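To start, the structure itself, in structure tokens.
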């Protein structure tokens, strides 16, 4: 994969590799009730961008100086993170949360299977992520790395990370009984740092850990990904205002309709674009400072800020 | 703990140990939003029986020939399993699932915090279970055991286990859109084997693995716990028919009201009691055959079948 001649070729190859591995992990063993595996597959194979697992592979590639072995070792972690990301989308879409009916151009899972099965499909993906991480790859020498990656991903997905961010989002929307909060610019950034930032950082960090990268490289990809994650979220907010609903595959203008705090609402579109650009600048400077500019991490930053969906 | 003079003393000591450890794990680091840690603690410290973590410690005790070290090594796994059990109760109680408003004598979590926070508190406990498993205990020599325990617990909690069983339960109750199924006696047993049996088996197996037990002992506690779990569920169904709501801390008669398939409904109360007794007999025979009768696993079986809540 290091031999890919362009960012586009790298992204295509990385996505194909992740998709093939996910196909191996799902369907599950014969014991899995059909409705659960169908529901899980419906959401996992819905045409997502695969940003997080691609980031894991690119991080393993960059921090290992393009060692194919490191990329292979990072693949289960990449898939586990995508399963966790997918579960979080399923739960976030529930009527009890954001109440979204359209995702990636298709009805959301609870619209198709009912709220109960949607909760369970999310829970199933969540458990399966850790199961496959503990199982694969089998090499005993990787045990310590795998345990560290499980801890990093669990913390990023959990109450201090993604779950905590979504809880703050619910409170800001007045959906947590008795506790409504108001977010300013700093509060908005802190919320997104948990809600989307934490798992994006874990994606990059997991790749570096599985590659056996030195600690300063792990820290560098962590800082890079923190800026990348913030830029990703700002662009997400901008696309919700001015994006093409057909390209987005979800309802545009929903943030404003829900009176959600967003970057464009707080800072305006022009300043929001500038903020996203500053994040990408910092992310690339971090890579250069750590000697990690030779790889696809910088290109991924450009892709994230230039994307249309 | 091996020196406890009676089952009651063992159960009290084991529960106190689990509760103290859970107090250490929750609250989480300062970064956790208050509403999430409050919600998680509300459900974790609701006065549960702690059957699963007690079983983990008793299994570590029995398979290690009462080695205090093995019990200490198993404690994080015991706590992780209790967190997963608690998350499953929170999600099962949701209006989208069983729609229960009373649990352990108190309003269920979604009644207090709203459905969205209840989904998230469950997700947070789920993630935290794996995070603490990967983190504790720190000894590198335990890495392989920890990874195996993570895989065992993840599989038991996931689509082939607990989540799959709850999905079948939803289908039997007609709550999965478009797919209603009818359970006979074998179907009921298979559903419970997943829904409650899988995590109870994982509880016993995790204790044996952390204790470094030989493979035949791991398999024996697995078979013992399969029978224990079935007896537990039959007694649960019986208590729902004839239990004291004050002792149960939840609404009795709910299974019948929901037209759920149960052991008493399919086999009558008398035959159900006999079935539970047969399970306990088999469980104890398994222990005796494996040389594991010297410990508290047999007493736990008696407790499970004789309980009033």
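Residue numbers (the numbering used here), protein chains in the order written: chain A, 26 to 334; chain B, 26 to 334.
Note that beta-carbon positions come from the ideal geometry of N, C-alpha and C, so glycine has one too.
The structure displayed is predicted, hence computed values, not measured ones.
- Shown here, residue 78(A) sits in a helix according to DSSP, grouped into three states.
- Proximity of chain A to residue 67(B) at the Cβ level (cut-off 7 Å) is not reached, the minimal Cβ distance being about 12 Å.
- Ranking 51(B), 324(B), 266(B) by CA distance to the CA of residue 150(B) puts 51(B) first.
- Counting only the Cα atoms, residue 73(B) lies some 49 Å from residue 311(A).
- At a cut-off of 9 Å between C-beta atoms, residue 144(B) counts as an interface residue with respect to chain A.
- The beta carbon of residue 99(B) sits no closer than 9 Å to any beta carbon of chain A.
- Residue 99(B) is positioned such that its CB atom lies closer than 9 Å to that of residue 85(B).
- Here residue 240(B) is exposed: its Cβ has fewer than 16 other Cβ atoms, across all protein chains shown, within 10 Å.
- Comparing C-alpha distances from residue 230(B) to each of 254(B), 268(B), 69(B) shows the shortest one belongs to 254(B).
- Nearest CB-CB separation between residue 274(B) and chain A: not below the 9 Å threshold.
- Of the residues 250(B), 69(B), 287(B), 313(B), the one whose Cα lies closest to the Cα of residue 304(B) is 250(B).
- Cβ atoms of residue 96(A) and residue 77(A) stay farther apart than 8 Å, at about 15 Å.
- The DSSP-derived three-state label of residue 289(A) is helix.
- For residue 217(B), none of the residues of chain A pass the 7 Å Cβ criterion, the least Cβ distance being about 14 Å.
- Shown in chain order are the members of the segment 197–216 of chain A whose Cβ falls below 7 Å from a Cβ of chain B: 200, 201, 202, 204.
- Here residue 202(B) carries a coil assignment [DSSP, helix/strand/coil].
- Using a Cβ-Cβ cut-off of 9 Å, residue 155(B) counts as an interface residue toward chain A, since at least one Cβ of chain A sits closer than that to its own.
- Not flagged as an interface residue toward chain B: residue 260(A), since no C-beta distance is shorter than 9 Å.
- Residues of the same chain with a CB within less than 8 Å of the CB of residue 181(A), apart from the 5 flanking positions on each side, are 187, 223, 224, 226, 227 in chain order.
- In terms of beta-carbon proximity, residue 195(A) lines the interface with chain B, with at least one pair separated by less than 9 Å.
- With respect to the C-alpha of residue 54(B), the residue from 178(B), 157(B), 147(B) having the closest C-alpha is 157(B).
- Under the three-state reduction of DSSP, residue 248(B) is assigned to helix.
- Around residue 62(A), the beta-carbon contacts reaching into chain B at under 8 Å are 184.
- Within chain B, the residues 184, 185, 189 have their CB atoms less than 7 Å from the CB of residue 57(A), given in chain order.
- For residue 132(A), the secondary structure class from DSSP, reduced to helix, strand or coil, is strand.
- At a C-beta separation below 7 Å, residue 176(B) has these neighbours in chain A: 156, 159, 160.
- Out of 135(A), 109(A), 190(A), 90(A), the CA that lies nearest to the CA of residue 220(A) is found in 190(A).
- Beta-carbon to beta-carbon, residue 308(B) and residue 326(B) are separated by about 5 Å, close enough to satisfy the 8 Å threshold.
- Three or more Cβ pairs closer than 8 Å define a contact, and the segment 199–217 of chain A falls short of that threshold against the segment 131–148 of chain A.
- Cα atoms of residue 243(A) and residue 112(A): separation of roughly 26 Å, rounded to the nearest angstrom.
- Around the beta carbon of residue 45(A), fewer than 16 other beta carbons sit within 10 angstroms, so the residue counts as exposed.
- For residue 311(A), the uninterrupted alpha helix (DSSP H) segment begins and ends at 294–314.
- The residues 117, in chain order, have a CB closer than 7 Å to that of residue 123(A) in the same chain once the five nearest residues on each side in sequence are set aside.
- A residue is called buried when at least 16 other Cβ atoms come within 10 angstroms of its Cβ; residue 286(A) meets this threshold and is buried.
- Annotation for residue 65(B): 51, 146, 149, 150 place their beta carbon closer than 7 Å to its own, counting only its chain and skipping 5 residues before and after.
- Going by DSSP, residue 54(B) is part of no alpha helix (DSSP H) at all; its letter is neither H nor E.
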